[in-house]
Amino acid sequence: MIPVVSKLPQTGTTIFTIMSALANEVGAINLSQGFPDYDCSPELIELVNKAMKNGHNQYAPMAGVMGLREKIAEKTEKLYGAVYNPDTEITITAGGTQAIFTAISAVIHPNDEVIIFEPAFDCYAPAIKLMGGVVKSLALEPPNYRIAWDMVKRLINHKTKMIILNSPQNPTSTILHRHDIDELSAIVKNQDILILSDEVYEHLIYDGETHHSMARYPELQQRSFIVASFGKPFHATGWKVGYCMAPEHLMNEFRKIHQFLVFAVNTPIQYAIAEYLKNEETYLGLREFFQQKRDYFRKGLEQTRFELLPCFGSYFQSVRYSNITDEKDADFAIRMAKENGVASIPVSAFYTKGIDHHVLRFCFAKRQETLDKAVDRLLKV
244 MIPVVSKLPQ
254 TGTTIFTIMS
264 ALANEVGAIN
274 LSQGFPDYDC
284 SPELIELVNK
294 AMKNGHNQYA
304 PMAGVMGLRE
314 KIAEKTEKLY
324 GAVYNPDTEI
334 TITAGGTQAI
344 FTAISAVIHP
354 NDEVIIFEPA
364 FDCYAPAIKL
374 MGGVVKSLAL
384 EPPNYRIAWD
394 MVKRLINHKT
404 KMIILNSPQN
414 PTSTILHRHD
424 IDELSAIVKN
434 QDILILSDEV
444 YEHLIYDGET
454 HHSMARYPEL
464 QQRSFIVASF
474 GKPFHATGWK
484 VGYCMAPEHL
494 MNEFRKIHQF
504 LVFAVNTPIQ
514 YAIAEYLKNE
524 ETYLGLREFF
534 QQKRDYFRKG
544 LEQTRFELLP
554 CFGSYFQSVR
564 YSNITDEKDA
574 DFAIRMAKEN
584 GVASIPVSAF
594 YTKGIDHHVL
604 RFCFAKRQET
614 LDKAVDRLLK
624 V
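Residue numbers for the sequence shown follow our numbering, so the first one is 244 and each next one is one higher.
Here it is, written out as structure tokens:
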């Protein structure tokens, strides 16, 4: 056997794969992986079919179908007042994860330091390490998972190249507030620090709160890669279509990597989404749609022994179980899937050091009957 030196020696199979496989194996309700169990819009499917029948089945332009990039630019300007040139500052990607990997690959060099806030989505740290970068993680604590900006200041030095933000955040469902924007702006002012803003849940924000996109703030926009996705909002995670927005000089570097990573993204789906976006309600109506699901699921969980943590955005609800058991979260998640028939994600999986606050994450992007069945089973925990 030819020896191979692993580039990610500590990395195994993702927790999402493990818990979904376990759910399938034992017949548990899968509230672990973040995907809906209901269909996407029939209109959107019709539009994909129409695009295929109209012959849009060959390579799309490397940067993406221009009609889609134009609709993204139009949407962004309406929502956040930010102007992006669809020709030079927007690129369509094979989902949000590819956009994140590409942005990190484009600008992170060996020994560059990147600040991330944990619990963090699991693709950030591996991408940084693959580029030879150094992960500087700041651990946040429940129930509110607020960023301690004084601690961020202590992490900043001449090697700091990037700060990665995620709002609404997966897995904690927290959001950035104006205070956070002010603190961030002060920290990066006059510094050569880039921002990677993961905003795939931008339309899933509740209780009248504002989504503080980096695009809203010119001083942050000029140094930011902003990543978004169509899979989460349009209930079609398997389509893997997202996008990245950035100033032209950053997007130039992004596209250098993108063209050799995937080159082009699914053509008929791009045409379909461009057409679908003409109706603003396709994304503006998502807030109410998902808030109803959140409220319904939380009302059910209030009858259980779990302690609900705040949920301001995304389609995840985290809970503490300290008054149920003192088991490790991974052990409890596995036992609950096997014995109670509900699969969740142990939040320690989102910490580099596996910090365990006895918190589990549930996905509530499910049909009402699915949530009802899950709550019925969780009542017995």
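For every residue, glycine included, the Cβ atom is placed at its ideal position computed from N, Cα and C.
Rounding to the nearest angstrom, what Cα-Cα distance links residue i and residue j in this structure?
i	j	result
I315	N297	22 angstroms
K404	S440	14 angstroms
D393	I399	10 angstroms
L265	I567	22 angstroms
N212	M309	No answer is possible for residue 212: the residues shown for the chain start at 244 and end at 624.
L322	Y460	12 angstroms
H601	K571	7 angstroms
H401	V431	12 angstroms
F532	F477	11 angstroms
K666	V247	Any property of residue 666 remains undetermined from this structure, which presents the chain solely from 244 to 624.
V291	H299	9 angstroms
N267	F605	16 angstroms
Q534	Y302	38 angstroms
For the beta strand (DSSP E) that residue i lies in, which residues bound it at each end?
i	result
Q534	Q534 -> not in any beta strand (DSSP E); alpha helix (DSSP H) instead, spanning L529 to L544.
N223	Because the chain here runs from 244 to 624, residue 223 falls outside it and cannot be looked at.
M488	G485 to M488
A382	V377 to A382
L603	V602 to C606
R563	F559 to R563
I448	Here I448 belongs to no beta strand (DSSP E), and DSSP marks it neither H nor E.
V357	E356 to E361
V470	S467 to S472
Taking residue i and residue j to be in contact with their CB atoms under 8 angstroms, please state how far apart those CB atoms are, rounded to whole angstroms.
i	j	result
P511	A306	Not quite, the Cβ-Cβ distance comes to about 17 angstroms (not below 8 angstroms), so this is no contact.
I436	I406	6 angstroms
L544	A576	Actually they do not touch by this definition, with Cβ atoms about 16 angstroms apart.
M374	A586	Actually they are not in contact, since the Cβ atoms of M374 and A586 sit about 33 angstroms apart, beyond 8 angstroms.
A471	G481	No, A471 and G481 are not in contact; Cβ-Cβ is about 17 angstroms, not under 8 angstroms.
V443	K475	5 angstroms
Y539	H446	With 8 angstroms as the limit, Y539 and H446 do not qualify as a contact, their Cβ atoms being about 19 angstroms apart.
Kindly indicate if chain E contains any beta-carbon less than 8 angstroms away from that of residue i.
i	result
A271	No chain E appears in this structure, which consists of one protein chain only.
Can you tell which of the options has the C-alpha that lies nearest to the C-alpha of residue i?
i	options	result
M494	P329, A368, K571 and R563	P329
G528	V484, E550, H600 and I448	I448
T415	A608, M394, F555 and C487	F555
A337	F503, E313 and G376	F503
I333	M579, S587, E462 and A458	A458
N583	G270, S456, A264 and F559	G270
K521	A325, L322, T257 and L311	L311
H352	F533, E496 and Y539	E496
P369	H446, A608, A391 and T595	T595
N413	V431, K609 and I588	I588
Q341	H420, A507 and V377	A507
R204	T257, M244, Q560 and I335	Because residue 204 is not part of the residues shown, which for the chain are 244 to 624, the question remains open.
Y564	A573, F549 and R578	F549
K396	N409, I598 and K379	K379
F360	A391, G339, V326 and N354	A391
D569	D599, Q434, F593 and C487	D599
G376	E356, T256 and G597	E356
Within this structure, are the beta carbons of residue i and residue j separated by less than 8 angstroms?
i	j	result
P411	S591	no
F272	A517	Note that residue 272 is Ile in the sequence shown, not Phe. Against a cut-off of 8 angstroms, the Cβ pair of A517 and I272 comes out as no contact.
A479	C283	yes
T547	L614	no
H501	T331	no
Q465	P490	yes
I358	L381	yes
P385	L552	yes
I274	Y519	According to the sequence as given, residue 274 is Leu; it is not Ile. Going by C-beta atoms, L274 is not nearer than 8 angstroms to Y519.
I424	S467	no
K483	P279	no
E462	S428	yes
I347	I371	yes
H454	R421	no
N409	F473	no
V326	E320	yes
Which residues mark the beginning and the end of the alpha helix (DSSP H) in which residue i is found?
i	result
A368	Y367 to L373
L504	E491 to L504
E523	Where E523 is concerned, there is no enclosing alpha helix (DSSP H), given that its DSSP letter is neither H nor E.
K581	D572 to N583
Q434	It is not in any alpha helix (DSSP H) - Q434 carries neither H nor E in the DSSP assignment.
V269	I258 to V269
I315	M309 to Y323
D342	It should be noted that the sequence gives Ala, not Asp, for residue 342. Unbroken alpha helix (DSSP H) run through A342: G339 to V350.
A592	Counting along the chain, A592 falls outside any alpha helix (DSSP H), and DSSP gives it neither H nor E.
V624	It is not in any alpha helix (DSSP H) - V624 carries neither H nor E in the DSSP assignment.
A294	P285 to K296
Any heavy atom of the ligand NAD closer than 7 angstroms to the beta-carbon of residue i?
i	result
M295	For the structure depicted, the ligand NAD is absent and the ligand set is empty, with no information on it obtainable.
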